[in-house]
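Here's the structure, in structure tokens; my notes come after.
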Amino acid sequence: MQRRHFFTGAALSTAAVAVASVSRGALAALPEPVIMRGAATAPPLAPTTGRPYRPVVTLNGWTAPWRMKDGVKEFHLVAEPVVREIAPGMRATLWGYNGQSPGPTIEVVEGDRVRVFVTNKLPEHTTIHWHGQRLPNGMDGVGGMTQPQIPVGKTFVYEFVARRPGTFMYHPHADEMTQMAMGMMGLWVTHPKAPHPLIAEVDRDFCFLLNAYDIEPGASTPKVNTMLDFNLWTWNSRAFPGIDSLNVRLGDRVRLRVGNLTMTNHPIHLHGHEFEITGSDGGPWPMAARCPEVTVDVAVGQMRQLEFVADEVGDWALHCHKSHHTMNAMGHTVPTMIGVDHQGLVRKIQKLIPDYMVMGERGMADMGEMEMPLPDNTLPMMTGTGPFGAQEMGGMFTTLKVRRDQAPGDYRDPGWFTHPAGTQAFEWTGALPAESRQSGQAPAPAGPQALNVKKPDSGHKH
Ligand SMILES: [Cu+2]
1265 MQRRHFFTGA ALSTAAVAVA SVSRGALAAL PEPVIMRGAA TAPPLAPTTG
1315 RPYRPVVTLN GWTAPWRMKD GVKEFHLVAE PVVREIAPGM RATLWGYNGQ
1365 SPGPTIEVVE GDRVRVFVTN KLPEHTTIHW HGQRLPNGMD GVGGMTQPQI
1415 PVGKTFVYEF VARRPGTFMY HPHADEMTQM AMGMMGLWVT HPKAPHPLIA
1465 EVDRDFCFLL NAYDIEPGAS TPKVNTMLDF NLWTWNSRAF PGIDSLNVRL
1515 GDRVRLRVGN LTMTNHPIHL HGHEFEITGS DGGPWPMAAR CPEVTVDVAV
1565 GQMRQLEFVA DEVGDWALHC HKSHHTMNAM GHTVPTMIGV DHQGLVRKIQ
1615 KLIPDYMVMG ERGMADMGEM EMPLPDNTLP MMTGTGPFGA QEMGGMFTTL
1665 KVRRDQAPGD YRDPGWFTHP AGTQAFEWTG ALPAESRQSG QAPAPAGPQA
1715 LNVKKPDSGH KH
């Protein structure tokens, strides 16, 4: 058997994929693990065997190739240390699967018998839990409870039938706090085997995991004991401007599958369109449970499927609505300086520390453009440049690009939107009328710091 026959779907470019060498003996028994070295969004992996389906596109990720063996779909995941580019200018030392964090998306069809070989190349034991799946208890991957841990250097086999169509996740159930903080997770999509009354056919189907890291400026390895105060908010272990745009054709029905494996909830907000939540990891939602929304809160351990018709051309922001989650590292211990005049103080400090800079006395927007020296391997707090200047964003942010002339099946970035004349906010250059005030209202304070502070009356006598 030729090696190239082992995997269906030839969409993965050989330039992006290096196949790890395994011995001849192992080759006969196990599918070769396919290792991904880059963080680009791979094109959808069209199935060449089994039932047809429209494959998903994993944002800044890829789908694992498989082989069919005696009617079983076989995958090979390798749990291992990886280097993940979080965004250009920053690489993180993580743990993941097959060269990346997250691991490759696994795509199968309802009713498929699936066999996953898991080889442990981590420095400690691991397991994989198949979040949301119906499966025999002993395949559930809870280390110490439903199976022995997979020791370092060993390979375990998971095998079950993909019984329910939907979007699922996978992650270790072994030293979970460490292994998930280090990036070990992936997505699993089970396509329906026949037209399903609650699962729409869509033109574009994107998926991504919400994850988060705490990596000190200048460092590359996450602090694994952090409970809540993470400083890198990522989609598929990428932070804006490292997250690719979602490029669609005007009129496309679009599905987003969003899973949350961080330690807090994320209200995911889309501009310019309303969507419906059509399903979760519990399965497709009944029609009566669906209603229009522009934001969906995805709680910890949840998955939400969003669907909408992309019927407004333009560049539409898609982001977490927690504003701290659209910032990168450095945004955490900065004091609020709005309204503080500290020029005299700065001059004094600069006599001692010539590089001393002050941030934020007019708000934080300066941060988007300032070229403050940063430690190596550190992303600016807010960054990204649009056609009109600094976007002042980081973290969990990207763009939905809806274009009339985006060809079906073309996922390439069409560039920035050209706004038709008369459809863009513009500067008013005429005269401004005098402010009109209601009678009895106090005049505006002279400056931003001249607040008239009134302390609450506690009623205490002094
Ligand atoms: Cu968030």
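Note that the working numbering has the sequence shown beginning at 1265, numbered continuously upward. Ideal Cβ placement from N, Cα and C applies to all residues, glycine included.
Open item on the list: Just to confirm my understanding: we take R1678, look at its own chain, exclude 5 residues before and 5 after, and list those with CB closer than 7 Å. What are they?
Closed with: Here the question's residue 1678 lines up with position 414 in the sequence shown. Sequence check: residue 1678 is Pro here, not Arg. N1511, K1665, R1667, Q1670, listed in sequence order.
- [ ] Report all residues from its chain with a CB closer than 7 Å to the CB of G1335; omit the five preceding and five following residues, and keep chain order.
- [x] Along the sequence shown, read from residue 1 onward, the residue named residue 1335 stands at position 71. Cβ within range, chain order: R1377.
TODO: Out of D1469, K1586, P1639, state which residue places its alpha-carbon closest to the alpha-carbon of G1659.
DONE: Within the sequence shown, the letter at position 395 stands for residue 1659. Measuring from the Cα of G1659, the nearest candidate turns out to be K1586.
- [ ] Could you check the C-alpha separation between M1433 and A1328 for me, to the nearest Å?
- [x] Numbered from its first residue, the sequence shown carries residue 1433 at position 169. Numbered from its first residue, the sequence shown carries residue 1328 at position 64. Computed Cα separation, rounded: 14 Å.
Open item on the list: Does the structure place the stretch 1389-1402 close enough to the stretch 1348-1355 that three or more beta carbon pairs sit under 8 Å?
Closed with: no
Open item on the list: For T1442, report the span of its beta strand (DSSP E) as first-last.
Closed with: As a first step, residue 1442 must be located in the sequence shown, where it is residue number 178. No beta strand (DSSP E) contains T1442, which is instead part of the alpha helix (DSSP H) from 1440-1445.
Open item on the list: Could you compute how far the alpha carbon of G1430 sits from the alpha carbon of G1547?
Closed with: As a working note, residue 1430 is residue 166 in the sequence shown. As a working note, residue 1547 is residue 283 in the sequence shown. Rounded to whole angstroms, G1430 to G1547 spans 6 Å at the Cα level.
TODO: Run the proximity test for T1662: is its beta-carbon closer than 8 Å to any non-hydrogen atom belonging to ligand 1?
DONE: To locate residue 1662, count along the sequence shown from 1; it is residue 398. Incorrect: T1662 has no Cβ contact closer than 8 Å to ligand 1.
TODO: Would you mind stating whether W1497 and H1589 have Cβ atoms separated by less than 9 Å?
DONE: Here residue 1497 refers to the residue found at position 233 when the sequence shown is read from its first residue. Here residue 1589 refers to the residue found at position 325 when the sequence shown is read from its first residue. The answer is yes: Cβ separation under 9 Å.
Open item on the list: I need the straight-line Cα distance from A1458 to F1572, nearest angstrom please.
Closed with: Position 194 of the sequence shown holds residue 1458. Position 308 of the sequence shown holds residue 1572. Roughly 22 Å separates the two Cα atoms.
Task: Closest by C-alpha distance to H1683, when choosing among A1698, H1437, P1672, F1652 - done: The residue labelled residue 1683 in the question sits at position 419 within the sequence shown. Cα-wise, what sits closest to H1683 is F1652.
Task: Buried versus exposed call for S1509 [16 or more other C-beta atoms within 10 Å across all chains shown] - done: Taking the first residue of the sequence shown as 1, we reach residue 1509 at position 245. The residue is buried, with at least 16 neighbouring Cβ atoms inside 10 Å.
Open item on the list: Closer than 8 Å to a non-hydrogen atom of ligand 1 - does that hold for the CB of N1495?
Closed with: As a first step, residue 1495 must be located in the sequence shown, where it is residue number 231. Not under cutoff, so the answer is no.
- [ ] Confirm the yes/no value for this check: CB of H1535, any heavy atom of ligand 3, distance under 8 Å.
- [x] Within the structure as shown, ligand 3 is missing, the only ligands being ligand 1.
Task: Whole-Å CB distance - M1551 paired with R1521, under 8 Å assumed - done: Sequence index remark: in the sequence shown, residue 1551 carries index 287 (1-based). Sequence index remark: in the sequence shown, residue 1521 carries index 257 (1-based). 19 Å between Cβ atoms; not a contact.
Task: For M1527 and M1491, the rounded distance between their alpha carbons - done: In the sequence shown, counting from the first residue as 1, residue 1491 sits at position 227. In the sequence shown, counting from the first residue as 1, residue 1527 sits at position 263. Whole-angstrom Cα-Cα distance: 7 Å.
Open item on the list: Quick check: V1320 and V1488, are their CB atoms within less than 9 Å of each other?
Closed with: Mapped onto the sequence shown, residue 1320 falls at position 56. Mapped onto the sequence shown, residue 1488 falls at position 224. No, Cβ-Cβ distance for V1320 and V1488 is not below 9 Å.
- [ ] Spatial neighbours of E1344 within its chain, please: CB distance less than 6 Å, with the 5 preceding and 5 following residues excluded, ordered by chain position.
- [x] In the sequence shown, the residue the question calls residue 1344 occupies position 80. So the qualifying residues of the chain are K1385.
TODO: Just grab the DSSP bridge partners of C1471 for me.
DONE: For the purposes of this step, residue 1471 is taken as the residue at position 207 of the sequence shown. C1471 is bridged to T1322, R1521.
- [ ] Go ahead and pull the three-state DSSP assignment for R1676.
- [x] By one-based count along the sequence shown, residue 1676 stands at place 412. Coil.
Task: Rounded separation between L1638 and W1326 - CA only - done: The residue given as residue 1638 occupies position 374 in the sequence shown. The residue given as residue 1326 occupies position 62 in the sequence shown. The straight-line gap from Cα to Cα measures roughly 32 Å.
TODO: State the Cα-Cα distance for the pair V1466 and V1518, rounded to the nearest angstrom.
DONE: For this step, residue 1466 is matched to residue 202 along the sequence shown. For this step, residue 1518 is matched to residue 254 along the sequence shown. Distance between the alpha carbons of V1466 and V1518 is about 6 Å.
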